[in-house]
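A short worksheet on the structure shown next.
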Amino acid sequence: MMLARTIALALVLLCSLLSPAAFAQDPDAEIESQARAFLKEGVTLHNEGRVQEAFEAFEKSFRLRKSYDTAGNLGQVEMKLGYYALAARHFEYCLRNFPTGENRQLKKSVEDLYAQVKPKVVTVRAALGPPGVRVLLNDDLVGRTPLDHPLFTKPNVRYVLTIEADDGRTKSTDLIGKEGETLEVSLKLDPNNSGVPVIDSGLTEADTQLDDPSRTAQTDGDVDPTRRPSLVPAYILGGVTVVALGTALVFRGLASGQRSKAEDMRTGGNDACAAGSASHCGELESAVSKHDTYAGASTVSLIVAGVGAAATIAYLTYALTKKESRSKVSARVGVVGLGSHVSLSGSF
Numbered sequence: 010m011m012l013a014r015t016i017a018l019a020l021v022l023l024c025s026l027l028s029p030a031a032f033a034q035d036p037d038a039e040i041e042s043q044a045r046a047f048l049k050e051g052v053t054l055h056n057e058g059r060v061q062e063a064f065e066a067f068e069k070s071f072r073l074r075k076s077y078d079t080a081g082n083l084g085q086v087e088m089k090l091g092y093y094a095l096a097a098r099h100f101e102y103c104l105r106n107f108p109t110g111e112n113r114q115l116k117k118s119v120e121d122l123y124a125q126v127k128p129k130v131v132t133v134r135a136a137l138g139p140p141g142v143r144v145l146l147n148d149d150l151v152g153r154t155p156l157d158h159p160l161f162t163k164p165n166v167r168y169v170l171t172i173e174a175d176d177g178r179t180k181s182t183d184l185i186g187k188e189g190e191t192l193e194v195s196l197k198l199d200p201n202n203s204g205v206p207v208i209d210s211g212l213t214e215a216d217t218q219l220d221d222p223s224r225t226a227q228t229d230g231d232v233d234p235t236r237r238p239s240l241v242p243a244y245i246l247g248g249v250t251v252v253a254l255g256t257a258l259v260f261r262g263l264a265s266g267q268r269s270k271a272e273d274m275r276t277g278g279n280d281a282c283a284a285g286s287a288s289h290c291g292e293l294e295s296a297v298s299k300h301d302t303y304a305g306a307s308t309v310s311l312i313v314a315g316v317g318a319a320a321t322i323a324y325l326t327y328a329l330t331k332k333e334s335r336s337k338v339s340a341r342v343g344v345v346g347l348g349s350h351v352s353l354s355g356s357f
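Under the working numbering, the first residue of the sequence shown is numbered 10, with each subsequent residue one higher.
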């Protein structure tokens, strides 16, 4: 109940107190308009209880125009969906970019939410160098050095932190930590780029997935929890199945033709060749041999087609199951004592 009241208070404050300047600083009016439209769409979806779809709308707004208020909205919806590492990152971004002089009660509410989500994730504080190199977390760009903010990862999951210079030199370290743990990391590029340090809390690697393996790449370095498995393998397997089936039909037709030819050449019984000429017997034997070869090739092709079809169905079932499992994460929003509608948007 305390968490629900805190979230509800922050949502109401974000509705009434968000600064119009949050989007006004962007010189590109079209991008600003698109970001505003996605934010309003997220508000509507949230008020309808469609939290997962609201998350996706807020995320699109944040991609177009990073702002502290959109980050705050994202963090709260992600917290409801259980995307705690993402929520921590967006709460941290919101507080780091919170305007001086903005409403203190609003900031305090976001600080409370941030404090509640941090024990659920691993905090990574990294001393990286030299200045100006790219910083990647599991191949997702999170910024350039010096990195002025912490990173957040899912507990008991192995991540790879990499720094990459413009000349191609790289250095990486593995990260894995417990719930609520803070990892201190130091990673520097040297001239010969030798050695790959590893930081490990001693836990067994439980899972190589991030918060939700269905997500696409997040801005500000997060991993998107809405990405589904690629369908390319299904297309390839389906193509192999079709080709194999077509090949089987071709060989079946050729085998049928040779069988008809052999039957026409027979003069009676299985020993008919004995009564014919040598050339006649040779042609008959050739027809029988070709029939057997084509029939065998047709059978093999049918087996390949069957295996391909089974593999295609199995992979599609896997991909669709992964997609459906995400929808089960969504939950309806309930706000007690603050009315039936809670708005996450501000004025522009």
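For glycine and all other residues, C-beta sits at the position ideal for the given N, C-alpha and C. Because the structure is a prediction, the values reported are computed rather than measured.
In chain order, what residues of the same chain have a beta carbon less than 7 Å from the beta carbon of histidine 300, not counting five sequence neighbours either side? Ala264, Gln267, Arg268, Ala271
Using C-beta distances below 7 Å, list every residue in its chain close to glycine 247, excluding the 5 sequence neighbours before and after it, in chain order. Thr321
Sorted by chain position, which residues of the same chain lie with C-beta nearer than 7 Å to alanine 1's C-beta, five sequence neighbours on each side aside? The requested residue 1 is not part of the displayed model; the chain covers only 10 to 357.
According to DSSP, is glutamate 173 helix, strand or coil? Three-state result, glutamate 173: strand.
Considering only residues of the same chain and omitting the five flanking positions on each side of glycine 189, which have a CB-CB separation below 6 Å? Pro128
Inter-stretch contact at 8 Å, needing at least 3 Cβ pairs: the stretch 238-257 / the stretch 306-313: yes
Nearest-angstrom Cα distance between arginine 45 and threonine 132? 31 Å
Can you grab the Cα-Cα spacing for the pair glutamate 39 / threonine 53, in whole Å? 21 Å
Does the beta-carbon distance from serine 70 to leucine 48 come in below 7 Å? yes
Quick check on the burial criterion: 16 or more other C-beta atoms within 10 angstroms. Buried or exposed for glutamate 87? Only buried fits glutamate 87, as 16 or more other CB atoms lie within 10 angstroms of its CB.
So what does DSSP say about valine 142, is it helix, strand or coil? coil
Exposure of alanine 319, with buried meaning 16 or more beta-carbon neighbours within 10 Å: exposed
What residue range is occupied by the uninterrupted alpha helix (DSSP H) comprising aspartate 393? Residue 393 lies beyond the residue range present for the chain, which begins at 10 and ends at 357; the question has no answer from this structure.
Helix, strand or coil at lysine 49 according to DSSP, with G and I counted as helix: helix
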